[in-house]
Structures are given as structure tokens and as C-alpha cells.
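Q:
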Ligand code: ADP
């Protein structure tokens, strides 16, 4: 087992990893930017090292500084959290070259799944169902894109090969707007990911975003956990996640879980990760992408299975054999996660950084809160707006919703506009309570109501 782990991240996920390390008896080193000296992850870790100025490019993405911090502190492993360097092949490679264990997949697995076009091709060859599409990058100057779109059938969606966070996507209803949409998607992709490659896919109408948490070890064992339903999204970004999904039957869970395992085996996956699928109204499912990291929404899976995914991830990185088996994992109840962002839901979600006055975050039966903020903390304007995750667990969905609504009503974050009120609207909506929300839920039932 590791002696000391450096956490190459900030905020709630850095705190989450520190807690897992503590329970495993591992010392922790956090890193911070100049603007993050007061962040909770700095206070929670055994030691913390400043790696650069506020801008992420100069701090949390600064590979030489982070490696130097690991070497100075004597860390034998680095946990990248999510975002920043978590899916950066070069970083995984540098860690390996420096004799520091990267707590994540091999650089080959990251590479294979990082390019969505290559990942889809690989999944096709592994007999995992994929969305009908272009089977490769497309170009706005190529006249063949019109016949291809015709063959796939409108509406189609243009997506970025290096995509993430819902960026670089364009829905195209008909041939008139196709060329323009490809140009715009390429421009967006280039700006966001420094990679202009885009591809075409059938746009699945009113789909459900269903994903499977998987765990793999170095001996080829892979297991999957019950699905998470992440269909409540704004601009293709997740806001609410729950497990299990009301839309998925036990039979479909098994079939999709096995497909997720097949996907992981195809890249010799040896850590925690997530296989994302879209499911159409008829229950047909299609591979969308694989995230080769621990995800924001991992606590809902932890709540319904009782498995500590971060501890498992660390144990797997240390070379332990996977002790879990999909068929033996029980669904213990129902869990829902609401992402509380420092954004103003009444003003098109503009970020709301600044100094928190009084802070009260909920607790009580069935409530878990993962956060890095506290009374008097100043939310810097430089990073992600996620400030807390509330996870409600209940014996069944109804109890989880009741607990979540109760918890949301307790939230008080003085001076900071946040999304708690929007979540309360979702929890109280008849439509959500009935179950089976699709990805158009927010637009259809919350913003238009
Ligand atoms: P990102 O990596 O940017 O998060 P994803 O490929 O995971 O992108 O897709 C994010 C969301 O975009 C999905 O959950 C879904 O709501 C929507 N989406 C993506 N592809 C399609 C598609 N082919 N049809 C319908 N919706 C899609």
C-alpha cells in the first residue's frame, strides 16, 4: 500500500480523496494555487504545497510543479481527482517515468477512450452497441456529409472527438443547417479542446443518460455496479443523478452492465471508471463514451451499494485484486445527488463567486454533503462553480426525494446565488416524482413551467 498520496486537484474531490486516504492510514499532500490557500482541502491534508498562481494553467495543470511537489514531499502516488489532469495521457506518462504511481488507468486506456471517435470504433469491434454515425471525423467541405446525414436520418448531432462537459455539440434538424453546424462545432471544439475533430451521430430523441460504474483490476477482473441515471441535465451537463434508474428494468440492467464490462475489458481497464450509454424510448441502448476517472456523481453509487469507490480505487492502484462481484452487489435503497453550483439560476446561471457569509449545509438521516466551503470562505472566480454535492439516501425513491427536499430547504449560503432553489423545484415537480425523466426534462418541465 502507498505511504503518501499527493492529490493533484482542489475543492470537494480533493477533500473526498483525503478522507479515503485517512481511513486507509495513508498520509496526504494537497497542492494549491495562490488563490486557494484557504480552501478546505489545504486544511484537511497533512501538508500542502503551493504549485503556482491562480490560473489553472499555471497551477493545477502545471505538470512540472506538481511532479516537483510530489518529489519534495516524498509522495509515492498521485490521485488526479476529476477534471484538470485526470484524463491527461502525458501526465500519466510523466508520473510513470518519475516512478510515481498514477492512481488511474494506464496511459493506453486513457488514450484509447480519450478520443471519442477511436473509442466508438473500438466499442463497435468489441460488439458494444453504438449510436449510428459517421465512423470517423467529418469535414464541412466534404459533400459526402449530406448523403451520410441523409442515410443516418435527421435530426443528427455533431460532437467533438475530444469533447467533455457538453461542449462542442450541435443538433442539426435538417440539411439546410448542416454545413454551418459542422463549421461552428469545429470552431468550438478547437477553442475548448485544441482539437477541431468532430463527428456525426444520430440524435436520439428524448433519451435517458444511463451510466455504469465499473471497477477493474490488473488481473483482468471487471465488475459493474447498478446504473446511475443522469438524465437531468442543462446544456448537456448533469445536474441531478440518481441510482437506480426508474427507467431500467432488472433485465436491462444486466444486459447493459455486461456491455459496460465488455467495454472495460476491451481496453484492459484496471481501475474505476464509467461507461456512459444513451437509452431510447424503446429501451435500445447505445455506448456514448467512457470516462476514465472517478466521477462527480460517484457518491450515489456508494450510497446504494455501500462500497467506498475512492478507497477501492486506491487499493486497485496499489495492485490489490478486485474483491467485488457484480452478481453479489445488492441495491440497498435509492440515492439522489444534487449539484449545488455557485450560479444564479434566475440570471442564466451566471457564476456567483465571492465571500460566503453565514453557511449552513444540511445533515440528518440519509444526507451526505461533500463540499470544500465553510462560513467566511471566499469562492474564487477561477475554477468550476460546483461548491457542494448533496446526496440523499432512502429505503426507496420516495424517501430519497423527501429527504432531498428537506435537505435543500435547510441550505443557507449567505451572499452566494446558488442552484439549491432550482433543485427544490425539480424535487417538488410531479413529473420528476413520477420518474423516467429524459434529457429534455429541465427544458420541458422546469424552465418552461
Ligand atoms: P460530454 O463528454 O461533453 O459530456 P457526452 O457524449 O457524454 O458529452 O454527452 C453529453 C450529453 O449530450 C448526453 O448525456 C446527452 O444528453 C447528449 N447527447 C450526446 N449525444 C447524443 C445523441 N447522439 N443523441 C441525443 N443526445 C445526445
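Numbering (this note's numbering), first residue to last: -4 to 444. Beta carbons: idealized from backbone N, C-alpha and C, even for Gly.
So, under 8 Å CB-CB, residue 334 and residue 381 are touching, yes? Tell me the CB distance rounded to an integer number of Å.
A: About 6 Å; that satisfies the 8 Å criterion.
Q: Go through its chain and collect everything with a Cβ distance to residue 12's Cβ below 7 Å, but skip five positions before and after it.
A: Result list for residue 12: 2, 74, 76 and 305, in chain order.
Q: Assign residue 268 to one of two classes, buried (16 or more other C-beta atoms within 10 Å of its C-beta) or exposed (fewer than that).
A: Burial call: buried.
Q: Any idea what DSSP makes of residue 47, helix, strand or coil?
A: DSSP places residue 47 in strand when its eight states are reduced to three.
Q: Have a look at residue 379 and residue 277 and give me their C-alpha separation to the nearest angstrom.
A: Distance between the alpha carbons of residue 379 and residue 277 is about 36 Å.
Q: Check whether the Cβ of residue 251 sits closer than 8 Å to any heavy atom of the ligand ADP, and report yes or no.
A: It does not: the Cβ of residue 251 is nowhere closer than 8 Å to a heavy atom of the ligand ADP.
Q: Around the C-beta of residue 390, are 16 or more other C-beta atoms found within 10 angstroms, so that it is buried, or is it exposed?
A: By the neighbour-count rule (16 or more Cβ atoms within 10 Å), residue 390 is not buried but exposed.
Q: By DSSP, does residue 86 sit in helix, in strand, or in coil?
A: Looking at residue 86 - three-state DSSP - the assignment turns out to be helix.
Q: From the DSSP secondary-structure annotation, give me the bridge partner or partners of residue 194.
A: Answer is 154.
Q: One question on the structure: do residue 55 and residue 5 come within less than 9 Å of each other, judged by their Cβ atoms?
A: For residue 55 and residue 5, yes; Cβs fall inside 9 Å.
Q: Can you find a heavy atom of the ligand ADP that lies under 8 Å from the Cβ of residue 273?
A: Yes, since a heavy atom of the ligand ADP falls inside the 8 Å radius drawn around the Cβ of residue 273.
Q: Skipping 5 residues on each side, what residues in its chain have a beta carbon closer than 6 Å to that of residue 183?
A: Once the five neighbours on either side are set aside, the close Cβ partners of residue 183 are 163.
Q: Please work out which residues of its chain come closer than 7 Å, Cβ to Cβ, to residue 214, disregarding the five sequence neighbours upstream and downstream, and give them in chain order.
A: The residues are 316.
Q: Quick check: what's the CA-CA separation for residue 328 versus residue 271?
A: Cα to Cα, residue 328 sits roughly 22 Å from residue 271.
Q: Any idea what DSSP makes of residue 314, helix, strand or coil?
A: In the structure shown, residue 314 sits in coil (DSSP, three-state: anything other than H, G, I, E or B).
Q: Just to confirm the assignment, what range does the beta strand (DSSP E) spanning residue 72 have?
A: That run of the beta strand (DSSP E) goes 72 to 74.
Q: Counting C-beta neighbours from all protein chains within 10 Å, is the total for residue 105 16 or more, i.e. buried, or is it exposed?
A: With 16 or more other Cβ atoms within 10 Å, it is buried.
Q: Straight-line CA distance for residue 72 to residue 176?
A: C-alpha separation (whole angstroms): 43 Å.
Q: Residues in the same chain with beta-carbon distance under 8 Å from residue 410, minus the five sequence neighbours each way, listed in chain order, please.
A: Taken in chain order, the residues that qualify are 349, 350, 351 and 352.
Q: I need the boundaries of the beta strand (DSSP E) containing residue 141, first residue and last residue.
A: Segment 139 to 147 is the alpha helix (DSSP H) holding residue 141; no beta strand (DSSP E) there.
Q: Should the region 29 to 42 be called in touch with the region 79 to 88, which here means at least 3 C-beta pairs below 8 Å?
A: Touching, no, given that fewer than three Cβ pairs across the two stretches are closer than 8 Å.
Q: Quick check: what's the CA-CA separation for residue 70 versus residue 27?
A: Approximately 16 Å between the Cα atoms of the pair.
Q: Between the Cα of residue 211 and the Cα atoms of 287, 198 and 168, which residue gives the shortest distance?
A: Among 287, 198 and 168, the Cα nearest to that of residue 211 belongs to 287.
Q: What residue from 227, 25, 8 and 238 has the CA that sits closest to residue -1's CA?
A: Closest by alpha carbon: 25.
Q: Cβ of residue 202 within 9 Å of Cβ of residue 222?
A: No, the pair does not count as a contact, with Cβ atoms beyond the cut-off.
Q: Within 10 Å of its beta-carbon, does residue 232 have 16 or more other beta-carbons around it, so buried, or fewer, so exposed?
A: Exposed, because fewer than 16 other Cβ atoms sit within 10 Å of the Cβ of residue 232.
Q: Return the residue from the list 323, 330 and 399 that minimises the CA-CA distance to residue 356.
A: With distances taken between Cα atoms, residue 356 lies closest to 399.
Q: If you measure between the beta carbons of residue 324 and residue 289, is that distance less than 9 Å?
A: The answer is no: Cβ separation not under 9 Å.
Q: My assumption, with CB atoms under 8 Å, is that residue 58 sits in contact with residue 312. Please give the rounded CB distance.
A: That belief does not hold up - the Cβ atoms of residue 58 and residue 312 are roughly 19 Å apart, past 8 Å.
Q: Measuring CB to CB, does residue 133 end up less than 9 Å from residue 153?
A: Yes.
Q: Taking the alpha carbon of residue 125 as the reference point, which residue from 196, 241, 34 and 387 has its own alpha carbon closest?
A: Residue 125 has its Cα closest to that of 196, out of 196, 241, 34 and 387.
Q: Nearest-angstrom Cα distance between residue 187 and residue 337?
A: Spanning the two alpha carbons is a distance of roughly 22 Å.
Q: Using beta-carbon positions only, say whether residue 103 and residue 262 come within less than 9 Å of one another.
A: The answer is yes: Cβ separation under 9 Å.
Q: Closest to residue 159 by C-alpha separation, out of 219, 78 and 135, would be which residue?
A: Residue 159 has its Cα closest to that of 78, out of 219, 78 and 135.
Q: Near residue 156, which residues of its chain fall below 7 Å by C-beta distance, leaving aside the five closest residues on each side in sequence?
A: For residue 156, where only same-chain residues beyond five positions count, the Cβ hits under 7 Å are 110, 111, 112, 132, 190, 192, 193 and 194.
Q: In whole angstroms, what is the alpha-carbon distance linking residue 360 and residue 185?
A: So the two alpha carbons sit approximately 46 Å from each other.
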